[in-house]
Amino acid sequence: MLQTLSELKCLDSSIYHLPTLDIAKKLLGCILIKETTEGTAAGIIVETEAYIGPEDQASHSFQNRRTKRTEAMFGRPGTTYMYTMHTHNLFNVVTGKIDQPEAVLIRAVEPIYNIDLIRKRRSKITKDTHLTNGPGKLTKALGIDMADYGHDLTHSPLWIASYNTPTSEVVSGPRIGIDNAGDAKDYPWRFWLKHNKYVSK
């Protein structure tokens, strides 16, 4: 487990200007950090999904659909797009150019800092591997919420730090929970670290 965050460096903003599929892979192995009044918690990103805007039927911005909810997707890359599904807040990194609405959903992280706080927030969970192995689970565990909508990920209280290059193999497959997305349901735009026990499925 990580003992201190003081030596971590924020992910270079140039990463967020790469093609979205590349960003989805490069975020694997980086650390997602959220600072709150309760304390700071962090986890290694182990699973992502890419959503490529107007051409992607699974994306909220399919056919350039621009609503109050999706507005952040049309903004600067490297900012936060949050939305609520059922009762869960889901965290996405905005990618693509301004007015080119693309995003990467963070699907799972491996807890690495302030595990006690993470366990407190997920007090009903008995297995550590189930604390953050899903997009709604990780936001609860780290304290990420709708107030983070539109936040610039290059500074606190919510930021992503570069870390070690993953030694695990990066694998890909279809995204999860998008059965009504036509051909897009089969796009292999979900990426994860092979054999990591915190991957959602």
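Using my numbering, read the sequence shown as starting at 3 and increasing by one per residue. Ideal Cβ placement from N, Cα and C applies to all residues, glycine included. The structure presented is a predicted model; accordingly, all values stated were derived computationally and were not measured.
Looking at residue j and residue i, is the spacing between their C-beta atoms short of 7 Å?
i     : j      : result
PRO79 : TYR18  : yes
ALA26 : VAL106 : yes
Tell me the rounded alpha-carbon separation between residue i and residue j.
i      : j      : result
THR81  : ASN94  : 8 Å
LYS36  : ALA186 : 32 Å
GLU57  : ILE100 : 16 Å
ASP147 : MET84  : 8 Å
VAL111 : THR72  : 24 Å
Where does residue i sit, in a helix, a strand or coil, going by DSSP?
i      : result
LEU107 : strand
ASN94  : strand
ALA60  : coil
ILE54  : coil
ILE17  : helix
PRO113 : strand
GLY136 : coil
If you follow the alpha helix (DSSP H) that residue i is part of, which residue opens it and which one closes it?
i      : result
LEU23  : 22-28
ILE162 : Unbroken run through ILE162 is the beta strand (DSSP E), 160-163; no alpha helix (DSSP H).
ASP118 : 117-123
Assuming residue i is part of the beta strand (DSSP E), what are its boundary residues?
i     : result
LYS36 : 33-38
THR6  : Unbroken run through THR6: none, as it is neither H nor E.
THR86 : 82-87
Ranges of the beta strand (DSSP E) found wholly within the region 145-196, counting only runs of at least 3: 160-163, 172-175, 192-195
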